[in-house]
Amino acid sequence: MSEIKKEEEKGHNFIEEIIEEDLAAGKYSKIITRFPPEPNGYLHIGHASSICLNFGLTLKYPGHTNLRFDDTNPVTEETEYVESIKDDIRWLGFEWENEHYASDYFPQLYDFAVQLVKRGLAYVDDSTSEAIASMKGTPTEPGVNSPFRNRSSEENLDLLERMKNGEFPDGARTLRAKIDMAHPNMLMRDPILYRIKHAHHHRTGEAWCIYPMYDFAHGQSDSIETVTHSLCTMEFVPHRELYDWLIGRLEIYPSHQYEFARRNLNYTVTSKRKLLQLVNEKHVTGWDDPRMPTITGLRRRGYTPESIRDFCERIGIAKRENLIDVSLLEFCVREHLNKIAHRRMVVFDPLKVVVTNYPEGQVEMLPSEDNPEEEKVTYREMPFSRELYIEADDFMENPPKKYFRLAPGQMVRLKSAYIIRCDEVIKDESGKVTEVHCSYIPESRSGSDTSGINVKGTLHWVSIAHAVNAEIRLYDRLFRVEDPSSEEGDFKDYINPDSLQVVTNVYAEPSLLKSTFNDRYQFLRKGYFTLDKDTSEDRLVFNRTVTLKDTWAKEQKKS
RNA sequence: UGCCCGAUAGUAUAAUGGUAGUACGACAGAUUUUGGUUCUGUUUGUCUAGGUUCGAAUCCUGGUCGGGCAACCA
């Protein structure tokens, strides 16, 4: 009920409207969409939005979604990328009906080309790349006809076949559609359909030496798969005219293209070229560097598929330019992690606390809830003893107003343990605080507190003798500016030099020894963390997914 | 100076000729054994000028601003 209401409140995006109209008009009984990545890079958060759109639509309406690799350029495409893309889509939680490759359609596509040639709608051009460019005109001036434009279809047929048979070197000839060199849409000025590339293709090997261009592969592939709604980003708007022209002339299934604006996230880049540069020039450790906006990077960072899907749903789909605030992504992951992450205590920067009235050598196991948000709360046990570590910045000798933490004479609660009072501050020669001596209130034990004392602050802690060592990696935004691509000069000049901070030795409660790669944790008062793949037998490594909201830090910043 | 697309709070997105709403953010408060969570409240918007209409964010016209288009990339 509330689900339905939520749906109504949210309203439909313009693509859902089109689909509902089509369905209502009986144009289709089911819809078919496709997600068409080129296997030349890793998927990023922008692709996630497109994936959620395409797959989400056929979850909502009758129909299915295909995965189709747009592998028409053998020079840049690799099998490594095919596997990573499939992995990422599955991880996001979607299943494709059919797995297709544009390269599977090469024979069919060639046949389409022959048909066009036979009907005088395409011709083989011997012009060089430069000549074609110069004859193309400009956006404000019409182009001129190629001298090869009026060859007979017999000659064209012969040349096309010889192109296919490998008789000509790369770039020697192209097959072009015969449309209109004065067309106001530059894409309609006799677009190139096939080019010669003697290159190894990741799937077809050496079988072909001519490869179709995007415009001669995409629409036809949609048509072959009877895709009803072919969704792509706004830069393809001018291609639609050619998309429709080709489908019309070929008289094949009329798929339709609809365009939406690609989603942009601030403080990062999402162009494959730029991401590849970051990887190749070692500004990051790889495609799965937790600072990368790639799906694999977000995954390693500790983001959950649920939170990414939620984000994509919240940002919606429209046609205008956008730069989405990363704080929304962070909100989504916090919201999910708050529900599922187990609470653990880890001290990043230790300050020794001696509980002077706690018996030496005594250890008690205190239960602490894994997650207070859970319906059925479970507990793990934390060892408590005389010598503890607390966070260095949870103590101040001369605290400011509204400081709820430990200070001389003040009391705080140690989470799930006792209330302690700071009695004495121990310093070294330089005046640096090396440890604090406290006394605990025995009646204040968590769960059976009869002390009647109310304290404002609650601290996380670990027992020194029982703590385990770990490394943590703290991430910040990869760029210093909201939109690196729109800044003066090279986008790499705006990389945030402090995007990674490694703390090689933190003190973690012993239960963390049992961590596995699927676990999500909230390190109490610190943030959400997950085990990194660099973890080894003798070293635990945790990635910080996102910090907790910190209103105290905000308060301090003000003054 | 051609063709195409777009413009609603700081950000993103609804309102389909009839009360401009939601989320995030920001701000204030309540609750809290996480300065977390939760809850409450506040704040800020239809690019502009005309027109059509009883009534316009919505339809029409002009303008302004932003983006795309001259790869044998997708």
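Start counting the first sequence at 34; every next residue gets the next number (our numbering). By construction, the Cβ of each residue, glycine as well, lies at the ideal position given by its N, Cα and C atoms.
Can you tell me where the alpha helix (DSSP H) with residue i in it begins and where it stops?
i	result
His493	First-last for His493: undefined, no H or E at that position.
Asp103	Careful: Asp103 lies outside any alpha helix (DSSP H) and carries neither H nor E.
Glu395	With the sequence shown as reference, residue 395 is identified as Gln, and Glu is not the correct amino acid for it. Premise fails: Gln395 is in no alpha helix (DSSP H) and is neither H nor E.
Ser117	112-125
Gly44	Here Gly44 belongs to no alpha helix (DSSP H), and DSSP marks it neither H nor E.
Ala166	162-168
Cys365	359-373
Met196	186-197
Leu421	Careful: Leu421 lies outside any alpha helix (DSSP H), inside the beta strand (DSSP E) at 420-424.
Val312	305-313
Is residue i helix, strand or coil when you go by DSSP?
i	result
Tyr61	coil
Asp55	helix
Gln443	coil
Ala210	strand
Glu407	coil
Ile528	strand
Phe68	strand
Asn20	The structure shown has nothing for residue 20, since the chain only spans 34 to 592.
Thr329	helix
Asp277	helix
Ile37	At Ile37 the pLDDT is 36, less than 50, meaning the model places this residue with poor confidence; the figure from the coordinates comes in the next sentence. Three-state DSSP puts Ile37 in a helix.
Arg228	strand
Met429	coil
Asp321	coil
Gly560	strand
Lys151	helix
Gly238	strand
Phe139	helix
Lys435	coil
Glu588	helix
Phe575	strand
Glu49	helix
Met219	helix
Val538	In the sequence as displayed, the identity of residue 538 is Asn instead of Val. Correct three-state label for Asn538: strand.
Thr385	Note on residue identity: the sequence assigns Lys, not Thr, to residue 385. If DSSP states are grouped into helix, strand and coil, Lys385 belongs with the strands.
Phe550	coil
Pro202	coil
Arg353	coil
Rounded to whole angstroms, what is the Cα-Cα separation between residue i and residue j?
i	j	result
Leu308	Arg182	40 Å
Ser484	Tyr391	17 Å
Ile350	Phe293	7 Å
Ile348	Gln443	46 Å
Val629	Pro140	This structure does not reach residue 629, given that the chain is present from 34 up to 592, and the question cannot be answered.
Ala498	Pro405	27 Å
Ser35	Asn87	Low confidence applies here, because Ser35 scores a pLDDT of 35, under 50, leaving its location unreliable and the question unanswered by this model.
Ile180	Phe145	Per the sequence shown, the amino acid found at residue 180 is Pro instead of Ile. If you take the alpha carbons of Pro180 and Phe145, they lie about 24 Å apart.
Ser477	Met378	20 Å
Glu40	Lys93	Model confidence at Glu40 stands at a pLDDT of 42, short of 50, so the residue's coordinates are unreliable; what they give is reported in the following sentence. Looking at the two C-alpha atoms, the distance is approximately 11 Å.
Thr112	Asp121	14 Å
Ser519	Leu511	15 Å
For my contact list, residue i and residue j are in at a C-beta cut-off of 8 Å; report their separation, rounded to the angstrom.
i	j	result
Arg419	Glu393	6 Å
Val380	Trp494	7 Å
Leu100	Glu132	5 Å
Asn299	Asp358	6 Å
Arg553	Ile373	6 Å
Gly330	Trp320	7 Å
Arg413	Ser496	In fact, because the Cβ distance is near 14 Å, the residues do not count as touching under 8 Å.
Arg438	Gly490	5 Å
Ile263	Ala135	In the sequence as presented, Ile is not what sits at residue 263; that position holds Ser. Contact doesn't hold; Cβ gap of about 13 Å is too wide.
Leu384	Val466	7 Å
Arg295	Thr266	4 Å
Pro243	Lys197	Note on residue identity: the sequence assigns Ile, not Pro, to residue 243. About 5 Å; that satisfies the 8 Å criterion.
List the endpoints of the continuous beta strand (DSSP E) containing residue i.
i	result
Ile31	The shown model of the chain, from 34 to 592, leaves out residue 31, and the question about it has no answer.
Asp158	155-158
Cys471	466-473
His262	262-266
Asp255	Note, Asp255: premise wrong, no beta strand (DSSP E); alpha helix (DSSP H) at 251-257.
Subject >> Touch test, the region 126-144 against the region 165-175, Cβ-Cβ under 8 Å, three pairs minimum >> reply: no
**OP:** Mind the definition here: the region 461-477 touches the region 572-589 only if three or more C-beta pairs lie below 8 Å; say whether that holds.
**Re:** no
Original post:
Is there contact here, the region 73-81 with the region 199-215, by at least three beta-carbon pairs under 8 Å?
Top reply: Of all C-beta pairs linking the region 73-81 to the region 199-215, fewer than three are shorter than 8 Å, placing the two stretches out of contact.
**OP:** Check whether the region 94-112 touches the region 219-227, counting contact only when three or more Cβ pairs, one atom from each stretch, lie closer than 8 Å.
**Re:** no
Original post:
So does the region 503-510 actually touch the region 525-540, counting three or more Cβ pairs closer than 8 Å?
Top reply: Yes: at least three Cβ pairs fall under 8 Å.
Original post:
Can you find at least 3 beta carbon pairs, one from the region 56-71 and one from the region 256-264, that sit closer than 8 Å?
Top reply: Output reads yes: the region 256-264 touches the region 56-71.
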